[in-house]
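Oh and the sequence shown: position 40 is 40 in UniProt numbering, straight run, nothing missing.
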Amino acid sequence: MVNKEVMKDMFDNAVHIWYKKQFWSPKMKWYIFGIQNWIHVFDLYKTIEKLEEVKTALKDYSEKGKDILFVGTKIQARNLVKELAWETGHFFVIDKWVPGLLTNFTTLKKRIATYNKIEKDLENWTLDMLSKKEKSEKMKELEKLKKAYEWLKELKKSPDVIFAVDGHYEWLSLTEARKMKIPSYALLGSTGDIDSCTNFIPCNVNSIKSIKFILDYLKPVLTKKKIISSFNKEQTNTRPFNKDFKKPFVKTETKPETTEITK
């Protein structure tokens with residue numbers, strides 16, 4: 001039985017509205033209620049049905065302690081995905097999907113290890129023992145690695161499940177998941193391919209309100225995992241003061257003093 005209160009909330013949050021008629025996938029026809037002003041309108045009864053299916057699946061994975069990787073690199077989804085992952089202790093990607101994250105995880109793990117090492121060297125002042133040029137190169141490499149792996153630094157193995165906000169936009173993550181036979185779930189607009197993932201939720205993936213409603217609805221079934229240190233909101237980039245640290249002594253050459261001879 002459909003919860004009318006949930007349906008009203010979905011309507012109020014524009015979950016049912018999608019995009020112009022000319023941009024759509026015929027495979028989504030079953031989930032579209034109709035067209036209004038050349039805009040597709042989703043059938044909320046079918047959306048709720050799929051929402052409950054995905055919710056049940058995520059609850060099952062979460063109760064078994066599986067690692068879920070949330071992917072939301074589009075602007076509307078970034079903060080929402082980050083907040084959800086923080087609160088549930090799961091991993092996430094919000095800047096850019098790194099090609100090979102799933103299909104070439106062995107190599108990727110080495111890059112994550114490099115990132116962790118440089119970050120550790122920065123914290124214990126080891127980088128200060130390098131020359132200016134060497135330290136500058138390390139800092140540039142750290143910035144590059146941080147952007148790609150900051151929220152994956154404690155990922156020891158390939159994730160068990162992928163959840164993408166807008167499967168059409170995050171097609172590469174779903175493609176890799178399919179190749180590696182990793183269960184994948186996604187929010188899909190009428191442009192999405194329903195065969196690209198294990199299951200999906202047909203909804204408005206361009207609206208912050210709509211995305212927030214869906215993620216908030218799924219959040220309660222995501223059992224909170226152990227706190228991941230890199231997800232700590234209070235975390236700062238300041239290094240701890242080490243009173244015993246001494247910079248290496250570098251002998252500098254001094255020019256001999258010259259005296260001006262006057263005639």
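Backbone N, C-alpha and C define an ideal beta-carbon position, used for all residues, glycine too.
With a threshold of 6 angstroms on Cβ separation, who are the neighbours of K147 within its own chain once the five nearest residues in sequence on each side are excluded? D95
Just grab the DSSP bridge partners of F42 for me. I32
Is the Cβ-Cβ distance between I112 and L142 less than 9 angstroms? no
On the premise that N199 lies in contact with V54, defined as a C-beta separation below 8 angstroms, what is that separation, rounded to the nearest angstrom? 5 angstroms
L69 beta carbon less than 9 angstroms from that of F33: no
Out of H90, E5 and Y31, which has the shortest C-alpha to C-alpha gap to T191? Y31
Looking at K50 and P220, is the spacing between their C-beta atoms short of 9 angstroms? no
Does E5 get closer than 9 angstroms to chain D when you measure Cβ to Cβ? Checking the listed chains, one finds no chain D in this structure; it contains a single protein chain.
Have a look at D43 and P26 and give me their C-alpha separation to the nearest angstrom. 15 angstroms
DSSP state of S190, grouped into three classes? coil
Buried or exposed for Y45, please, with buried defined as at least 16 other CB atoms from any protein chain shown within 10 angstroms of its CB. exposed
Should the segment 151 to 160 be called in touch with the segment 122 to 131, which here means at least 3 C-beta pairs below 8 angstroms? no
Leaving out the 5 sequence neighbours to the left and right, which residues in its chain are closer than 6 angstroms to I208 when beta-carbon positions are compared? Q76
Would D166 be called buried (16 or more neighbouring beta carbons within 10 Å of its own) or exposed? buried
With 16 other Cβ atoms within 10 Å as the buried cut-off, status of N3: exposed
Using DSSP's beta-bridge definition, name the partner residues of I68. V161
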